[in-house]
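Quick note on numbering: the sequence shown equals residues 1 to 241 in full-length UniProt numbering.
No residue lacks a Cβ here, since even glycine has one placed at the ideal position from N, Cα and C.
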Amino acid sequence: MKFFENNFTYDYSFPAVSLAYFLRYPNPYSRHVLTTDVIDRFVDPKTKRLHTTRIHLKKSKVPSGILKLLPKGMGGSDNSGQSYILETTVVDPHEGWMETESRNMEWTGILSVVEKQHYQRLLAAEDTKALDGLSIDKKSEQTTVRTTVTFRSRLGQGKFLSRRKTDNAETEEEEPKRASSRPSPRPSKQGMNVVLERLRSGGIVGVLEGMRQDREAAFGPGPEGPWKRVWLQGNGLKDDD
């Protein structure tokens, strides 16, 4: 079941946007993202396309809609915690496109949420030449992105839709208030724009410095980073620092 679809255009070249995608965490709009790790990366010798698989660890909580589908007590008294997101990407630098897919790794027996994005280089009519390098300031080039979010429930679409319909009816009076308070651009777009502006103004060094500042703002200074906290928590230990 398709839940969301959106099209957006960045006023940046495809090399800049694709690079910003891989450097987007951390940023001021992604404080919930704890860690990002590359678990596989290779270039297909035939197609020359770059394939990457990453895992993101994020702060999260079990959505209320999923809690209602779980057996009583299965969600626990505190549904806050952490979750892993599996991300796969394919980049074709010659043709100028990138496809991404992100999906949850928890509660997949109840509900899978899959986000797919297709980034495409968009050239001005008068500019038909291939672009080489990180052409961040190319005014003649833009990059479009189409985003779709799909829900897949093993309980059946009918049951999930009925739950969603009930939830919508219960909160119908609150919807106008929620809609008016919703930010217009998605945080992911805002985060990408922050990284792209850092690329434009300071290059890779500017992006890395911004990442360092965002990491310290979210987790505090320290060489170990958030993985130390994750390891300590998983082993029932406390940080003595």
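Work out the CA separation of residue j and residue i for me, nearest whole Å.
i: G109; j: V33; result: 24 Å
i: P187; j: Q120; result: 21 Å
i: L23; j: N6; result: 22 Å
i: P183; j: E209; result: Because the pLDDT at P183 is just 36, under 50, the model does not fix this residue reliably, and the value given afterwards should be weighed accordingly. Straight-line Cα distance between these residues: approximately 27 Å.
i: E87; j: T35; result: 13 Å
i: I55; j: F151; result: 20 Å
i: E95; j: T47; result: 11 Å
i: A20; j: L199; result: 8 Å
i: F4; j: M211; result: 29 Å
i: I204; j: S60; result: 30 Å
i: L57; j: V38; result: 12 Å
i: F42; j: H51; result: 5 Å
i: R31; j: P221; result: 15 Å
i: Q213; j: E197; result: 15 Å
i: M1; j: S153; result: 9 Å
i: A218; j: D40; result: 27 Å
i: N193; j: T53; result: 23 Å
i: P15; j: P93; result: 8 Å
i: R49; j: W97; result: 10 Å
i: G81; j: Y29; result: 19 Å
i: G206; j: E216; result: 16 Å
i: E115; j: I85; result: 11 Å
i: F201; j: L111; result: The question names Phe, yet the displayed sequence has Ser at residue 201. Those two C-alpha atoms are separated by around 42 Å.
i: P45; j: F8; result: 31 Å
Assuming residue i and residue j are in contact, meaning their beta carbons sit under 8 Å apart, how far apart are those beta carbons, in whole angstroms?
i: R103; j: V90; result: Not a contact, Cβ separation roughly 15 Å.
i: V17; j: Y10; result: 5 Å
For a quick check, are the C-beta atoms of residue i and residue j less than 8 Å apart?
i: T144; j: L122; result: yes
i: S13; j: E99; result: no
i: R146; j: Q117; result: yes
i: S83; j: E106; result: yes
i: N27; j: V195; result: yes
Is DSSP giving residue i helix, strand or coil here?
i: R186; result: coil
i: I110; result: coil
i: S102; result: strand
i: S83; result: strand
i: E95; result: coil
Cβ of residue i within 7 Å of any heavy atom in the ligand GTP?
i: K116; result: You won't find the ligand GTP in this model; it holds no ligand whatsoever.
### Query
In chain order, which continuous runs of the alpha helix (DSSP H) of length 4 or greater are located wholly inside the region 8–71?
Listed in chain order, the complete alpha helix (DSSP H) runs (minimum 4 residues) inside the region 8–71 are 14–22, 64–67.
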